Amino acid sequence: MSNHTAVSTFLLWGFSSFPQLRNLLLVVIFFSHVTILVANVSIMVAIKLSHNLHTPMYYFLFGLSFSETCTTMVILPRMLVDLLSESKTISLPECATQMFFFFGLAANNCFILSAMSYDRYSAIHSPLHYPVLMTRKICFQLMVSSCVVGFFVSLCIVIIVFNLSFCNSNIIQHFFCDIAPVVSLACNYTFFQKVVLLIFTSFVLVGSFILIMISYVFIVSIVVKMPSAKGRYKTFSTCSSHFTVVFIHYGFACFVYLRPKNSDSFSEDTLMAVTYTVLTPLLNPIVYSLRNKEMKTALRKVLGSTIRFFPSSGK
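Everything in the sequence shown is counted per our numbering, starting at 5 for the first residue and increasing by one.
Pasting the structure below:
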């Protein structure tokens, strides 16, 4: 941390630019947060308890659900507190910690999505060799690698950002410690540092997106050659659902992190950020799980077990 840092605390301006939306946002974010937690925990429990779901696809889904849950826990509780509170201050160490965990987990999500697309390609391209190509050990190694690389990139970003001197202002035009609103407060932010941060964010977003698209291109090239129309429809339906979530997640994230910045863009970025911090985690359980018959069956068993464990008070 630089010795010339003049600012010791920040003010998360958040949705203060939209006071008319405060109550609506409070209700929407609260119920979204609860829904995300319940959905993802239910998925993880269902996968853990159902032996027929102990396959690579569901291992990755378990990892994605866990990572999504942690990501929302980094951002949404603080959003709710700030919406209820008049004081929206956050210290430099708290801000750095929030940025580190958010971007580490977000990068991890991107790399797990890439691994999931590769898993689907392997299953479709080499069904006979699939059990050898995607063993439990390989799945675990891919998820650990995603986590390690994601948090390493995040650590590099945080080191660059919080070695800057903050002296212009202490008002962050966002609801969490995002990169652009924080570095805009620095008085020694150079072109070189801007380029390095762009390289790191591009590596995560563009790099993982390219890997996903390569897998989908190969999947499509295989599916169009299938003789069965029913098989083609089923595979295309699954791919289109996955691509919808990928498009929403990457589309808004790239719009926020890869486009040129100015002070007028932060209000737009704040609203855009709601999409990939709230909407995408809500959609993931639906697209990756609830449309899957095996997962539906497993979730019904979990729900039935829960109801039996908590019998009605009238009994």
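Ideal placement from N, C-alpha and C gives every residue a C-beta, glycine not left out. Since this is a predicted model, take the numbers as computed values, not measurements.
Other residues of its chain near residue i: CB distance less than 6 Å, five sequence neighbours each side excluded
| i | result |
| --- | --- |
| S6 | Note on S6: pLDDT 46, under 50, position unreliable in the model; no value is reported. |
| T274 | H178 |
| Y63 | C143 |
| S69 | N44, I47, M48 |
Closest residue to residue i among the options (Cα-Cα distance)
| i | options | result |
| --- | --- | --- |
| I218 | S118, P135, L189, V136 | S118 |
| L96 | F251, T13, S36, E72 | T13 |
| N27 | V187, I79, T73, V85 | V85 |
| R124 | M299, F22, G255, V221 | V221 |
| V210 | S244, Y237, V260, H246 | V260 |
| I216 | T248, K52, M83 | T248 |
| A127 | N296, T239, I94 | T239 |
| S244 | P231, A257, V227 | V227 |
| N288 | H246, A100, F35 | H246 |
| F180 | S149, V250, F156, R82 | R82 |
| W17 | A50, L29, L87 | L87 |
| N56 | S309, T310, T279, K297 | K297 |
| A277 | S89, A110, P23, V208 | A110 |
| V31 | G308, A50, V282, K300 | V282 |
| V224 | P231, I214, R236 | R236 |
| A257 | T205, L80, T73, F155 | T205 |
| I79 | C99, M120, V199, M299 | C99 |
| E72 | T101, F105, L262 | F105 |
| E90 | C171, P23, S309, S212 | P23 |
| S54 | I94, I33, H129, M299 | M299 |
| I214 | H129, Y122, S149, A233 | Y122 |
| S173 | F156, C191, I51, S158 | C191 |
| M138 | S149, V208, M120, N112 | M120 |
| V208 | L41, L65, S158 | S158 |
Buried or exposed by the 16-neighbour rule on C-beta atoms within 10 Å, applied to residue i
| i | result |
| --- | --- |
| F19 | buried |
| A184 | buried |
| K141 | exposed |
| S21 | exposed |
| H253 | buried |
| I176 | buried |
| F195 | exposed |
| V136 | exposed |
| P324 | Nothing can be reported for residue 324, as the shown portion of the chain is limited to 5 through 319. |
| T76 | buried |
| H37 | buried |
| Y193 | buried |
| L25 | exposed |
| G154 | buried |
| I290 | exposed |
For residue i, the three-state DSSP class (helix, strand or coil)
| i | result |
| --- | --- |
| T9 | The predicted model places T9 with a pLDDT of 47, which falls under 50 and marks its position as unreliable; any figure quoted below should be read in that light. Reduced to three states, the DSSP call for T9 is coil. |
| F323 | The first residue shown for the chain is 5 and the last is 319, placing residue 323 beyond what the model contains. |
| F166 | coil |
| N113 | helix |
| K229 | coil |
| T139 | coil |
| L320 | Nothing can be reported for residue 320: it is not among the residues displayed for the chain, which extend from 5 to 319. |
| L30 | helix |
| L132 | coil |
| H37 | helix |
| N288 | helix |
| N44 | helix |
| F3 | Since the first and last residues shown for the chain are 5 and 319, residue 3 lies out of range. |
| F106 | helix |
| S21 | helix |
| T301 | helix |
| S54 | coil |
| T59 | coil |
| R124 | helix |
| N264 | Note on identity: in this sequence residue 264 is Pro, with Asn being the wrong assignment. If DSSP states are grouped into helix, strand and coil, P264 belongs with coil. |
One or two residues paired with residue i in a DSSP bridge
| i | result |
| --- | --- |
| T93 | L15 |
| A190 | F170 |
| I175 | L15 |
Nonlocal neighbours in the same chain, by C-beta distance under 7 Å from residue i, ignoring five residues either side
| i | result |
| --- | --- |
| G67 | I116, M147 |
| Q197 | I164 |
| S46 | L303, V306 |
| V250 | L117, I216 |
| T39 | L286 |
| T284 | V249, I252, H253 |
Own chain partners of residue i with C-beta closer than 8 Å, once the 5 adjacent residues on each side are dropped
| i | result |
| --- | --- |
| G318 | In this prediction, G318 has a pLDDT of 47, which is less than 50 and means its spatial position is unreliable; nothing more can be read from the coordinates. |
| L334 | Absent from the model: residue 334. The displayed extent of the chain is 5 to 319, so no value can be given. |
| M230 | R236, T239 |
Any non-hydrogen atom of the ligand ADP within 7 Å of residue i CB
| i | result |
| --- | --- |
| L88 | The ligand ADP is not part of the structure shown, which contains no ligands of any sort. |
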